[in-house]
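Structure record follows, encoded as structure tokens.
2 protein chains.
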Amino acid sequence: MPVTIRDVAREAKVSVATVSRALSSPHQVNQVTRERVLAIADRFGYRPSPAARSLITGKTGNIGLVMPDLANPFFTGVLKNVQARAHQSGYGVFIGDSDEDPAVEEELVRSMAKQVDGVLLCSPGIKDSQITALAANTTLVLLNRRVRGISAALMDSAGGMRQSIEHLSALGHRRIAFLSGPRNSWSNKQRLRGLRAAVEQTGVEVHTLGPFAPRYSGGVQAADLALAENVTAIIAYNDIMALGVLARMHERDIDVPNELSLTSFDDLVYAAVSAPTLTTVAMPVDAAGRLAVDLLLSRLADPGSPVVHQELPTRLIVRGTTGPPPK
Amino acid sequence: MPVTIRDVAREAKVSVATVSRALSSPHQVNQVTRERVLAIADRFGYRPSPAARSLITGKTGNIGLVMPDLANPFFTGVLKNVQARAHQSGYGVFIGDSDEDPAVEEELVRSMAKQVDGVLLCSPGIKDSQITALAANTTLVLLNRRVRGISAALMDSAGGMRQSIEHLSALGHRRIAFLSGPRNSWSNKQRLRGLRAAVEQTGVEVHTLGPFAPRYSGGVQAADLALAENVTAIIAYNDIMALGVLARMHERDIDVPNELSLTSFDDLVYAAVSAPTLTTVAMPVDAAGRLAVDLLLSRLADPGSPVVHQELPTRLIVRGTTGPPPK
DNA sequence: GGACCACCTACAAACGTTTACCTATGAGTT
DNA sequence: AACTCATAGGTAAACGTTTGTAGGTGGTCC
């Protein structure tokens with residue numbers, strides 16, 4: 001029923017080879033033949049079968065993207081840009097949501113492997129050794145994670161943490177709580193790394209609490225624990241948790257920022273529209289999405305091309321939730 | 328280099344047919360042979376080539392999803408559930424973001440068509456006739472849009488609008504503004520339909536303004552226009568616009584809800600965490616995503632199965648932005 | 001006028017599966 | 001003992017492309 005290359009060939013009174021070449025290597029066929037063939041292909045609404053094509057060429061024209069949570073705007077920000085850049089380059093995008101389960105992440109990559117030319121993996125949970133194993137069979141590029149031998153698009157969250165602590169320290173805060181996210185998440189580790197460095201440099205006291213679920217409810221829960229620590233400022237793992245903290249403080253009649261300062265990470269839409277607006281570290285999700293695709297495509301174009309770990313800068317955006325500590 | 332069915336067959340000393348059957352129709356092969364074959368396939372890490380398989384069977388095991396904006400949490404809410412349900416049923420998901428451009432939407436569907444078994448289309452912009460044309464070559468299921476002859480998962484936004492107007496009317500509002508979204512968007516039309524019905528029933532006066540961009544900036548812009556209309560309540564096209572309205576009202580020192588009431592649609596995360604919290608119509612995105620997949624899969628299982636238009640209920644969630652009009 | 005060449009186009013193999021059809025084996029029936 | 005029949009597994013065609021190789025045409029050069 002669907003129209004094949006043979007139908008076009010018959011109508012154009014040429015061989016299938018000529019039709020194929022007219023479409024994929026135009027200079028190899030006489031111009032008048034080519035135009036006749038193309039006209040007929042167009043008239044018939046002919047579309048080459050990707051399955052047949054990929055069977056013979058070994059290329060699919062697709063890339064895969066595996067993420068821990070499609071409900072999180074941080075990841076969909078990356079997704080949006082990945083899809084845009086891929087589309088621009090003529091690639092389709094396969095999507096997989098692992099629901100934060102490392103086992104699912106691995107299985108997703110494996111099941112995608114044969115239908116895509118390469119995979120973008122954003123997987124905080126999975127182990128380095130597993131990633132290396134996956135990379136043996138698939139062209140991989142990592143997002144927000146550094147594993148040797150595999151290209152990666154990174155965001156400098158450690159730097160963001162440093163900026164946050166410097167900011168709070170400059171305001172006069174001396175006791176700060178960090179509400180930690182998932183313990184083995186890569187970006188959580190990065191933040192802790194930045195934290196230690198900044199602590200050393202500024203001499204402020206930072207209490208790490210948690211881990212908490214990186215969600216609204218996690219923030220609500222963390223808020224009370226942080227208060228019990230008697231701190232004057234809180235750094236939340238991400239904006240969503242910060243909103244939870246904010247809501248809980250409001251309930252407990254604690255004035256942010258006058259009694260307590262609050263910062264976080266991500267700078268999602270609502271960071272700018274909550275009340276008070278959130279001081280937060282903007283993550284370069286857009287650039288990271290595009291960069292990841294570019295890294296993958298250049299790896300595909302030339303598998304011998306060098307492995308690149310490129311880190312994109314973060315920026316602390318000071319808004320309404322931070323101020324000097326109470327006297 | 329990659330291991331094929333032939334490698335497994337050779338090692339197991341059986342024909343490729345037997346390997347194929349051991350994997351896809353186990354009861355057709357003797358248990359001891361089957362187990363031997365499976366063990367070897369497993370040991371070799373054999374994965375059938377989807378291209379070859381799909382070439383012969385005509386099935387891909389994938390579905391496509393085309394949406395207007397992956398940055399909008401409303402759509403990614405659907406996406407998350409689509410992917411989850413599809414994964415559950417062993418299907419992969421191809422994603423396309425049209426950036427609200429109808430031409431891109433159509434092209435995305437066409438270019439996906441051959442690599443998926445069916446497409447879920449969430450496309451407010453494209454014309455009915457184009458959809459019908461697409462449905463001729465592809466198994467389609469629509470999201471939030473009703474076209475005869477094509478199954479659809481719908482959300483009752485008209486009902487949501489009715490609930491909103493009844494709520495405002497009950498509070499005593501008599502002059503209301505509706506901030507319209509994209510003019511030819513299907514859900515905007517639905518909302519207008521609900522609006523007319525509710526106006527007729529309750530007798531309140533509703534001024535439709537716009538269209539506005541369904542974004543934060545659109546809300547900011549719309550806010551001033553609405554105030555000029557001298558209304559006591561505003562119904563925004565969606566939450567994001569409502570946040571824009573809220574911000575602008577705050578700037579102009581207008582007290583919500585005491586001087587002005589505000590409602591909207593979607594009930595995204597931040598509706599519950601803005602200040603004041605948003606009264607809004609919750610859309611059943613989760614259920615809609617799952618339903619859409621189910622409709623598509625049942626259509627794929629039996630192309631003769633009846634076309635279904637299933638409408639999911641919406642619910643007005645009353646929070647902080649609505650109250651009685653000023654005396 | 002024959003040799004060489006450039007240019008087109010056709011032929012056919014190959015990609016990795018699934019599946020219709022056929023054969024071989026052995027058990028059960030008469 | 002001959003027949004039927006179920007079961008297991010092999011053979012080979014088919015799916016729709018791409019691409020290496022070969023053939024055929026007409027022009028240019030000696």
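Heads up: the sequence lines are chains A and B, in that order. The opening residue of the first sequence carries number 1 in this note's numbering; numbering runs sequentially from there. The opening residue of the second sequence carries number 328 in this note's numbering; numbering runs sequentially from there. We put the CB at the ideal spot given by N, CA and C, even for glycine.
Amino acids of chain B, ordered along the chain, whose beta-carbon sits closer than 9 Å to that of residue i
i: A/V270; result: Position check: residue 270 of chain A holds Tyr in this sequence, whereas Val was assumed. Correct list: L570, L595, V596, Y597, V600, S601.
i: A/L168; result: Neighbours of A/L168 on chain B: none; closest Cβ ~23 Å, over 9 Å.
i: A/G218; result: Per Cβ cutoff of 9 Å: no residues; A/G218 is ~13 Å from chain B at best.
i: A/L140; result: Per Cβ cutoff of 9 Å: no residues; A/L140 is ~16 Å from chain B at best.
i: A/G289; result: Here the premise fails: no neighbours, minimum Cβ distance about 10 Å.
Under 7 Å from the C-beta of residue i: neighbouring residues of chain B
i: A/K114; result: R374, S376, P377
i: A/T33; result: The contacting residues do not exist; A/T33 stays about 25 Å from chain B at best.
i: A/G172; result: Within chain B, no residue comes near A/G172; the closest Cβ sits about 26 Å away, beyond 7 Å.
i: A/G194; result: Under the 7 Å cutoff, chain B gives no residues; its nearest Cβ is about 27 Å from A/G194.
Own chain, CB closer than 6 Å to residue i, minus 5 neighbours either side, in chain order
i: A/S25; result: none
i: A/P68; result: S98, E100
i: A/A135; result: I150
i: B/E338; result: I367
i: A/D244; result: A small fix is needed here, since residue 244 of chain A is Gly in this sequence, not Asp. Closer than 6 Å at Cβ, skipping near neighbours: Y216, G219, V220.
i: A/E282; result: One detail in the question is off: residue 282 of chain A reads as Ala in this sequence, not Glu. So the qualifying residues of the chain are D267, R315, I317.
i: B/P640; result: D483
i: B/V485; result: The sequence shown places Ala at residue 485 of chain B, not Val. If we look at B/A485 and ignore the five residues flanking it on each side, its Cβ neighbours are Q517, R520, G521.
i: B/V364; result: A339, V346, A349
Residues that residue i contacts on chain A, provided the C-beta gap is smaller than 7 Å
i: B/P400; result: P73
i: B/L406; result: L70
i: B/T345; result: Within chain A, no residue comes near B/T345; the closest Cβ sits about 22 Å away, beyond 7 Å.
Residues near residue i in its chain [Cβ-Cβ closer than 8 Å; skip 5 each side]
i: A/I381; result: Residue numbering for chain A in the displayed model covers 1 to 327; residue 381 of chain A lies beyond these limits and cannot be assessed.
i: B/R575; result: G546, V547, A550, D551
i: B/T287; result: As displayed, chain B neither begins before 328 nor continues past 654, which places residue 287 of chain B out of reach and without an answer.
i: A/V331; result: Shown here, chain A extends from 1 to 327; a query on residue 331 of chain A therefore has no answer.
i: B/F539; result: L506, S507, G508, G545, G546, Q548, A549, Y564, M568
i: A/L209; result: A177, F178, L179, S180, A222, L225, A226, E229
i: A/T132; result: V147, G149, I150
Closer than 8 Å at the beta carbon, the chain A residues around residue i
i: B/Q410; result: L70, I95, G96, D97
i: B/T641; result: Those within 8 Å of B/T641 in chain A number zero; the least Cβ separation is about 20 Å.
i: B/G537; result: The premise fails here: B/G537 is roughly 20 Å from chain A at the closest Cβ pair, so nothing lies under 8 Å.
Residue i: contacting residues in chain B (beta-carbon distance under 8 Å)
i: A/G118; result: Near A/G118 there are no residues of chain B at all, since even the closest Cβ is about 15 Å away, more than 8 Å.
i: A/Q54; result: Here residue 54 of chain A turns out to be Ser, not Gln, going by the sequence shown. Going along chain B in sequence order, the residues near A/S54 (Cβ under 8 Å) are A378.
i: A/I247; result: Here the sequence assigns Ala to residue 247 of chain A, which means Ile is not the residue at that position. Within chain B, the residues near A/A247 are V600.
i: A/T280; result: Neighbours of A/T280 on chain B: none; closest Cβ ~14 Å, over 8 Å.
i: A/G203; result: Simply none; closest approach about 34 Å.
i: A/G125; result: Chain B residues near A/G125: none, gap ~17 Å exceeds 8 Å.
Beta-carbon proximity list for residue i, same chain, < 7 Å, skipping 5 on both sides
i: B/V558; result: R502, I503, A504, H534
i: A/S15; result: A9
i: A/E105; result: V66, S98, S123, G125, I126
i: A/R356; result: This structure cannot settle anything about residue 356 of chain A, because the visible part of chain A is limited to 1 through 327.
i: B/M439; result: G391, F421, G423, V446
i: A/G323; result: L171, P257, N258, S261
i: A/V29; result: T18, R21, A22
i: B/L627; result: D444, G445, T466
i: B/R489; result: G521, A524, A525
i: B/V634; result: G476, I477, S478
Near the ligand HEM: residue i beta-carbon under 8 Å from a heavy atom
i: A/N30; result: In the structure on display, the ligand HEM does not appear, and there are no ligands present to speak of.
Contacts that residue i makes with chain A (C-beta to C-beta distance below 9 Å)
i: B/T656; result: Limits of chain B in this structure are 328 at one end and 654 at the other, which puts residue 656 of chain B out of reach.
i: B/G508; result: Residues of chain A passing the Cβ test: none, with the nearest at roughly 17 Å.
i: B/T459; result: None at all; the shortest Cβ gap to chain A is about 15 Å.
What runs of the beta strand (DSSP E), each 3 residues or longer, lie entirely inside the region 345-386 of chain B?
The qualifying runs do not exist here; there are none.
Within the region 236-288 of chain A, note down every full beta strand (DSSP E) run reaching 3 residues or more, in order along the chain.
Correct list: 261-266, 279-282.
Any C-beta of chain B within less than 9 Å: which residues of the region 293-305 of chain A qualify?
Listed by position along the chain: nothing, the set is empty.
Sequence ranges, beta strand (DSSP E) only - wholly within the region 150-176 of chain A, length at least 3:
Entirely contained in the region 150-176 of chain A, the beta strand (DSSP E) runs reaching 3 residues are, in chain order, 152-155.
Hey, which unbroken runs of the beta strand (DSSP E) at 3 residues or more fall wholly within the region 106-147 of chain A?
Annotation note: the region 106-147 of chain A contains the following uninterrupted beta strand (DSSP E) runs of length 3 or greater, listed N- to C-terminal: 118-121, 140-143.
Per the contact definition of three or more C-beta pairs closer than 8 Å, is the region 283-291 of chain A in contact with the region 304-312 of chain A?
Three or more pairs of CB atoms, one per stretch, sit closer than 8 Å, so the region 304-312 of chain A contacts the region 283-291 of chain A.
Taking Cβ-Cβ distances below 7 Å as the criterion, which residues of the region 149-160 of chain A are in contact with chain B?
Residues: none.
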